[in-house]
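Let me begin by presenting the structure, written as structure tokens, before commenting on it.
2 protein chains.
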Amino acid sequence: MTQAERRDRSRVDTDRSIRTVARTLLVSRGRQGVTLRAIAREMGITAPALYRYYDSFEDLIRHVCTDICADLAAELTAGLTAVPDEDTPGQVFAVCRGFRAWAVRHPQEFSLVFATPAAGLPADCAPDPFGQVFLTVAARVLAARQLAVPAEADVPEQLRADLAEFRTTLINTLAETGIDLPEHLFPLGAAYTMLRFWVRLYGQVALEVFGRFPAPVSAPELLFESMVAELAAEIGLTARR
Amino acid sequence: MTQAERRDRSRVDTDRSIRTVARTLLVSRGRQGVTLRAIAREMGITAPALYRYYDSFEDLIRHVCTDICADLAAELTAGLTAVPDEDTPGQVFAVCRGFRAWAVRHPQEFSLVFATPAAGLPADCAPDPFGQVFLTVAARVLAARQLAVPAEADVPEQLRADLAEFRTTLINTLAETGIDLPEHLFPLGAAYTMLRFWVRLYGQVALEVFGRFPAPVSAPELLFESMVAELAAEIGLTARR
DNA sequence: GTGCGTGCGCGAACACCGTTCACCAGCACA
DNA sequence: TGTGCTGGTGAACGGTGTTCGCGCACGCAC
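This is how it looks when you write it as structure tokens:
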């Protein structure tokens, strides 16, 4: 059996190697520098061999996407360990800053994962590890009651069904990871706030990565910081730095 | 001379035709369906002939991008004609809704122009026609004093230089189109507000186009409307519908 | 009217791409 | 000892961007 294991392990190893090589090519030569033949060349094998591991080029890219998400999630959680457990506002800041820093450092990965229509994950929307980090921090904020939640009456009526579903799937996801968030700590207004939070964070980061601000910004990090501070104040996060 | 003109005109015609065909392919077959050979095929010529008009494939794509921007701008201005001149808040709403509607209807164009790193316009940032529409409406809002502008003291200090430069280039751009916006109507806080406005609008639209909301949204238009209404209230736009 | 220059399109070619297929070496296992 | 599976190869197909030399037709000068 150990031989079979060794065989399996080698297969897993070259599989992982394929995806890391693909990612290296992505950062060094851009989206269209990643090519089955280039990957194979870099690994000392031929292109058709890759079809033993993936159904197609697109299939490989999809797996690379989930790898990227996992790495981003790992980086964010690593950044979280530097923040004391009880400092939930600090955790929010850490995650936001970590996301921006990663995006700026890896623009190709960012645009592949976060700015490609209908790519990445399918619509059934099992939340990717990256989203999970975010939502876990949000759950901690909710559990600590450190959020000024808008009243349910202020949530547009036609959105409540969607938000309710979002809430239940989030609660279920958290339950799977051992976090118990009772529903009374998670009003619809909180889900609405999380949505709007993500809109602004994403917009800020994407615009910086794509250079699409209406004017050149010489200190984008400061702009980002002011945005996060304003955002934290707006959602009533009790911010102690 | 008329003969030379005719010749020139035919050249201009096929040039325009090339870009139109490219855009048709973009919407019908996606980003990687647009191909020099496919364009040529559709036009009844061969691929190398296209090199009489563009230096390279990327060059063509760049020109297609500016075409798209111009079309978007034209669509937005057309939508503006339905709004009375004195209803500046209505014009803001019209432009925002028009932008979202266009993006949702043309996801491929949107992601090509607004979500490609280092593509589109070069960094010297002569504002594209699309941005110009936006900024013209903003100028009207400023001129009508219908904006609650944050005090300059509330603008993060290190951003003021960038914002000041943004303001002067915007004033100059407007002057070129015959609009005179005196500087005393354009405080730095207004520039800051415009920046944040764009961040939220872009984030909302991009997330919808890319399907990157944390949960499936069954009524994205309503979500968008609530965002715009909230945004208008926040910037103190005197909104009459 | 004849010649000429120039601009535009063509066909062939090159290198590269994703993908398929037949084939083969090596290994586990009966 | 043979057998079947796994992972790799090389050739091939149709597609891509790009280059190059050829040729045709047209506008213009003599």
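Chains A and B supply the protein sequences, listed in that same order.
Using this note's numbering, read the first sequence as starting at 788 and increasing by one per residue.
Using this note's numbering, read the second sequence as starting at 788 and increasing by one per residue.
Each residue gets a CB set at the ideal place from its N, CA and C atoms; glycine is no exception.
Worksheet item: Is Val986 (chain B) helix, strand or coil when you go by DSSP?
Response: helix
Worksheet item: If you scan the segment 823-869 of chain A from start to end, which runs of the alpha helix (DSSP H) of 4 or more residues do you find wholly inside it?
Response: 823-830 and 844-867
Worksheet item: Considering only residues of the segment 874-944 of chain A, which uninterrupted alpha helix (DSSP H) runs meet the minimum length of 4 residues and lie entirely inside it, listed in chain order?
Response: 875-892, 894-901 and 916-930
Worksheet item: Excluding sequence positions up to five away, which residues of its chain have a Cβ less than 7 angstroms from the Cβ of Gly976 (chain A)?
Response: Val936, Pro937, Ala938, Glu939, Asp941 and Val942
Worksheet item: CB Arg892 (chain A) to CB Phe1011 (chain A), shorter than 8 angstroms?
Response: no
Worksheet item: So which of A:Pro1001, A:Val1015 and A:Val900 has the shortest CA-CA distance to Asp854 (chain A)?
Response: A:Val900
Discussion item. Going by C-alpha to C-alpha distance, which of A:Pro894, A:Glu963, A:Asp874 and A:Glu896 sits closest to Ala930 (chain A)?
Written reply: A:Asp874
Worksheet item: Can you tell me the Cα-Cα spacing of Val814 (chain B) and Thr807 (chain B), whole angstroms?
Response: 11 angstroms
Discussion item. Among the candidates A:Cys852, A:Ala978, A:Ser1005 and A:Ala1020, whose CA atom is the shortest distance from the CA of Ser898 (chain A)?
Written reply: A:Cys852
Discussion item. Rounding to the nearest angstrom, what Cα-Cα distance links Phe1000 (chain B) and Ala962 (chain B) in this structure?
Written reply: 40 angstroms
Discussion item. Starting from Leu1018 (chain A), trace the alpha helix (DSSP H) in both directions and tell me its first and last residue.
Written reply: Pro1007 to Glu1021
Item to complete: Report all residues from its chain with a CB closer than 7 angstroms to the CB of Asp911 (chain A); omit the five preceding and five following residues, and keep chain order.
Response: Low local confidence applies: a pLDDT of 49 at Asp911 (chain A) is under 50, so the model's placement there is unreliable, with the coordinate-based value given in what follows. Cβ within range, chain order: n/a, list empty.
Fill in: Closest residue to Gly965 (chain B) among B:Thr903, B:Thr923, B:Thr980 and B:Leu934 (Cα-Cα distance)
B:Thr923
Worksheet item: Quick one: which chain B residues come within Cβ less than 8 angstroms of Asp915 (chain A)?
Response: Per Cβ cutoff of 8 angstroms: no residues; Asp915 (chain A) is ~10 angstroms from chain B at best.
Item to complete: Starting from the Cα of Glu1008 (chain A), find the closest Cα among A:Thr868, A:Cys883, A:His850 and A:Glu845 and give me that residue.
Response: A:Cys883
Worksheet item: Excluding the five sequence neighbours on either side, which residues of its own chain have a C-beta within less than 6 angstroms of the C-beta of Leu823 (chain B), listed in chain order?
Response: Ala834, Leu837 and Phe844
Worksheet item: Leaving out the 5 sequence neighbours to the left and right, which residues in its chain are closer than 6 angstroms to Gly771 (chain B) when beta-carbon positions are compared?
Response: Past the boundaries of the shown model lies residue 771 (chain B); chain B is included only from 788 to 1028, so the question cannot be answered.
Item to complete: Name, please, each residue of chain A whose Cβ falls closer than 8 angstroms to the Cβ of Glu952 (chain B).
Response: Ala1002 and Pro1003
Worksheet item: Any Cβ of chain B within less than 8 angstroms of the Cβ of Gly918 (chain A)?
Response: yes
Practice prompt. Tell whether a beta-carbon distance below 8 angstroms holds between Ala902 (chain A) and Ala993 (chain A).
Written response: yes
Practice prompt. In angstroms with no decimal places, state the Cα-to-Cα distance between Val920 (chain B) and Leu812 (chain A).
Written response: 39 angstroms
Practice prompt. Can you pull the chain B residues whose beta carbon is under 9 angstroms from the beta carbon of Arg887 (chain A), in chain order?
Written response: Result: empty, since nearest Cβ-Cβ is about 13 angstroms, beyond 9 angstroms.
Discussion item. What are the residues in the segment 849-883 of chain B lying within 9 angstroms of chain A by C-beta distance?
Written reply: none
Fill in: Own chain, CB closer than 6 angstroms to Arg954 (chain A), minus 5 neighbours either side, in chain order
Phe973 and Ala978
Discussion item. Counting only Cβ pairs nearer than 8 angstroms, list the residues of chain A close to Ser843 (chain B).
Written reply: Near Ser843 (chain B) there are no residues of chain A at all, since even the closest Cβ is about 13 angstroms away, more than 8 angstroms.
Worksheet item: Whose C-alpha, out of B:Asp949, B:Ala1019, B:Phe880 and B:Trp889, is nearest the C-alpha of Val996 (chain B)?
Response: B:Trp889
Worksheet item: Which residues in the same chain have their Cβ closer than 7 angstroms to the Cβ of Ser804 (chain B), if we skip the five residues on either side of it in sequence?
Response: Met830
Item to complete: Using a Cβ-Cβ cut-off of 8 angstroms, state whether Val1015 (chain A) counts as contacting chain B.
Response: no
Discussion item. Judging by CA-CA distance, which residue of A:Glu944, A:Arg818, A:Tyr840 and A:Ala825 is the nearest neighbour of Asp800 (chain A)?
Written reply: A:Tyr840
Fill in: 9 angstroms Cβ cut-off: residues of chain B touching Phe973 (chain A)
Neighbours of Phe973 (chain A) on chain B: none; closest Cβ ~13 angstroms, over 9 angstroms.
Worksheet entry | Asp915 (chain B) classed as buried or exposed, judged by whether at least 16 other C-beta atoms fall within 10 angstroms | buried
Worksheet item: Contact check, Ala809 (chain B) vs Ile826 (chain B) under 8 angstroms by CB: the rounded distance?
Response: 5 angstroms
Item to complete: Just the chain B side, please: which residues come within less than 9 angstroms of Thr1084 (chain A) by C-beta, in chain order?
Response: This structure gives no information on residue 1084 (chain A), because the portion of chain A shown stretches from 788 to 1028.
Worksheet item: When the cut-off is 8 angstroms and only beta carbons count, does Gly990 (chain A) lie next to chain B?
Response: yes
Item to complete: Say whether chain B places a C-beta atom closer than 8 angstroms to the C-beta of Met981 (chain A).
Response: yes
Worksheet item: Can you name the start and end residues of the alpha helix (DSSP H) that Leu957 (chain A) belongs to?
Response: Arg947 to Glu963
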